[in-house]
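A short write-up of the structure that comes next.
Numbering (the numbering used here), first residue to last: 116 to 175.
Structure (structure tokens):
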């Protein structure tokens, strides 16, 4: 696979195909969300009580 910056006149461009181009600045927060720390954490779930960890069995 490879790409080039050469635009061939016989091939349609994205603008010819009516593709709406979106600036990266409008989508950057969405695109980088997975890479941010604690992106998986939902603050609403923090209100739930954490279960108590079970005590280990003691040997007698």
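Note that the Cβ used here is the ideal one computed from N, Cα and C, for glycine as well. As the structure is a prediction and not an experimental result, all values here were calculated from the model.
Taking 8 Å as the cut-off, decide whether the C-beta atoms of residue 136 and residue 129 are in contact.
-> In the chain shown, residue 136 corresponds to position 21, counting from 1. In the chain shown, residue 129 corresponds to position 14, counting from 1. Yes, the pair counts as a contact, with Cβ atoms nearer than the cut-off.
How many angstroms separate the CA atom of residue 172 from the CA atom of residue 163?
-> In the chain shown, residue 172 corresponds to position 57, counting from 1. In the chain shown, residue 163 corresponds to position 48, counting from 1. When rounded, the distance between both Cα atoms is 27 Å.
C-alpha gap between residue 155 and residue 170, whole angstroms = Working through the chain shown from its first residue, we reach residue 155 at position 40. Working through the chain shown from its first residue, we reach residue 170 at position 55. Going from the Cα of residue 155 to the Cα of residue 170 covers about 29 Å.
Specify the secondary structure class of residue 158 as computed by DSSP and reduced to three states.
-> The residue given as residue 158 occupies position 43 in the chain shown. Residue 158 sits in a helix when the DSSP states are folded into three classes.
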